[in-house]
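Report on one structure; see the data block that follows.
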Amino acid sequence: MKTSSRFFLFTAWILLGPMPVVYAQDNQPYPPQYGKPFKDVPDRRDVTMYQVNMRSFSKNGDLKGVTARLDSIKALGINVIYLMPVYPVGILNSVNSPYATKDYDQVGSEFGTLNDLRELVDGAHKRKIAVLMDIVANHTSWDHPWIANKSWYLQDSTGKIKYPRNWRDVAQLNFKNMDMRLALIRSMKSWVYKANIDGFRCDYADGPPIDFWKQAIDTLKTITTHKFLMLAEGSRPEHYSAGFDYNFGFNFFGNLKSVYRNNRSVRSIDSLNVRDYKGTTEDGQAMIRYLTNHDVNSSDGTPLDLFGGKTGSMAAFVVVAYMKGIPMVYNGQEVGTPYRLVFPFTGTKVDWTLNNADVTAEYKKIIAFRNSSEAIRRGVLASYSSDDVCVFTKIQGAKKVLVLSNLRNKQVTYTFPAELVNSSWKDAFSGNKIALDNSITLEPYAYLVLRN
Numbered sequence: 001m002k003t004s005s006r007f008f009l010f011t012a013w014i015l016l017g018p019m020p021v022v023y024a025q026d027n028q029p030y031p032p033q034y035g036k037p038f039k040d041v042p043d044r045r046d047v048t049m050y051q052v053n054m055r056s057f058s059k060n061g062d063l064k065g066v067t068a069r070l071d072s073i074k075a076l077g078i079n080v081i082y083l084m085p086v087y088p089v090g091i092l093n094s095v096n097s098p099y100a101t102k103d104y105d106q107v108g109s110e111f112g113t114l115n116d117l118r119e120l121v122d123g124a125h126k127r128k129i130a131v132l133m134d135i136v137a138n139h140t141s142w143d144h145p146w147i148a149n150k151s152w153y154l155q156d157s158t159g160k161i162k163y164p165r166n167w168r169d170v171a172q173l174n175f176k177n178m179d180m181r182l183a184l185i186r187s188m189k190s191w192v193y194k195a196n197i198d199g200f201r202c203d204y205a206d207g208p209p210i211d212f213w214k215q216a217i218d219t220l221k222t223i224t225t226h227k228f229l230m231l232a233e234g235s236r237p238e239h240y241s242a243g244f245d246y247n248f249g250f251n252f253f254g255n256l257k258s259v260y261r262n263n264r265s266v267r268s269i270d271s272l273n274v275r276d277y278k279g280t281t282e283d284g285q286a287m288i289r290y291l292t293n294h295d296v297n298s299s300d301g302t303p304l305d306l307f308g309g310k311t312g313s314m315a316a317f318v319v320v321a322y323m324k325g326i327p328m329v330y331n332g333q334e335v336g337t338p339y340r341l342v343f344p345f346t347g348t349k350v351d352w353t354l355n356n357a358d359v360t361a362e363y364k365k366i367i368a369f370r371n372s373s374e375a376i377r378r379g380v381l382a383s384y385s386s387d388d389v390c391v392f393t394k395i396q397g398a399k400k401v402l403v404l405s406n407l408r409n410k411q412v413t414y415t416f417p418a419e420l421v422n423s424s425w426k427d428a429f430s431g432n433k434i435a436l437d438n439s440i441t442l443e444p445y446a447y448l449v450l451r452n
């Protein structure tokens, strides 16, 4: 009997191919769908993302403060917003981090209400902006109701619940427990119904096992009325095979910082581009790249601190936005915020009245060309960088763009490779015709974007 069963299964595998993975099912009813599924979620290759840290984004640090500024986010050229955690924050052993989730199924009162979240999502959708929520799947706060189910958490030899890494304010979940997995995935899925969101940014995605992420993403995709974008805040190549659209550009940020602060060769970006994209399994899977986020803004400094002030940070942003990956702007970066937004505390706010209209205009200009250029968003990359100047082309069919960005605070002369000598272009921003000779001299932190 056993032999016959094995033969039958083997024959079925040969005839039908590998069987799909079947997961344990959560058969409890879900909330009714709020709103209409958003039909304008952008192709993952065409995303320009904006990270919102609600506590510092507005005076009251809440969802309504974000809704009030949706027009300015849209005007920047953004088509995806990622909201940092909106859940109630744990109190027990707390450091006041929003990444210590007390309840996966509620909106924390400091941020507002479910209706406030719905209004934000509705407003974003009306402006053709998708909204991602932040899910903290690896751990919970110590006063999360799940703590009563001790087997849902990892324990040491004495039965004491563990904390991950050196994060003593949170308790490590046990991904060998299938009931816990189902409950967590149910919470993720419920937000699609309750608030009509368009995907998730998954915090510390390198923590939970890959098979959990595949289970979660496969389950979300059973909601066939919605299109989702999934961002792993992690670097494992296997995230792509699990179904994520994006990994997070930790290495790119660190490398670019070393280019500016330690005189590392600009050519180092080329080898990083190769390493970062190992493991991609589908067209358009990419890295999220940035000059700042809630972590490094607090720990390392602002883009103005790290990347050479206003002019230097713009030269860096051109590389972020155009070379290889999906650009992300953080929480007031576009107004040239000169001070750190200290995380996770709430006292420091973005000053939206800063007199930096030139900075905002330049971010808008750079993003607008990305949004208008299929070659930038989807083209094939060829790099010609020197030790000091980031130089590359992006080609999509007959459309071609050439980018030069001097990442040094000094005048640099760049010698063109043979294939670019005596070529003719137009300035991408002014439309002026430009003919290239054998070389070009770039002023400190100057950049040039050309199209055919």
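The numbers in this note's numbering rise by one with no breaks, and the one at position 87 of the sequence shown is 87. No residue lacks a Cβ here, since even glycine has one placed at the ideal position from N, Cα and C.
Fewer than three Cβ pairs drawn from the stretch 422-442 and the stretch 288-298 lie within less than 8 Å of each other, which leaves the two stretches out of contact.
Among the bridge pairs identified by DSSP, residue 439 is matched with 415. By a beta-carbon distance limit of 8 Å, residue 378 does not contact residue 328. Their separation comes to about 18 Å. Residue pairing of residue 106 in beta bridges, as defined by DSSP: absent, with no partner found.
Leaving aside the five residues that flank residue 216 on each side, the residues in its chain whose CB is nearer than 7 Å to its CB run, in chain order, 185 and 188. Cα atoms of residue 407 and residue 304: separation of roughly 14 Å, rounded to the nearest angstrom.
Taking residue 109 as reference, the option from 61, 152 and 72 with the minimal CA-CA separation is 61. For the 7 Å CB-CB criterion, residue 123 and residue 48 do not form a contact. Boundaries cannot be given for residue 161, as no beta strand (DSSP E) includes it and DSSP labels it neither H nor E. In this structure, 191 is the residue among 191, 321, 156 and 82 with its C-alpha nearest to the C-alpha of residue 226. With fewer than 16 other CB atoms across the displayed protein chains lying within 10 angstroms of its CB, residue 352 is exposed. Within the stretch 33-69, the complete alpha helix (DSSP H) segments of 4 residues or longer fall at 54-57 and 63-67, listed in chain order. Nearest to residue 417 by alpha-carbon distance, out of 433, 446, 431 and 383, is 383. One Cα belongs to residue 71, the other to residue 153, and the distance between them is close to 43 Å. Taking all protein chains shown into account, residue 258 has fewer than 16 neighbouring C-beta atoms within 10 Å of its C-beta and is therefore exposed. DSSP lists no bridge partner for residue 366. Three or more beta-carbon pairs separated by less than 8 Å link the stretch 384-394 to the stretch 317-324, which places the two stretches in contact. In the DSSP assignment, residue 277 falls outside any alpha helix (DSSP H) and carries neither an H nor an E.
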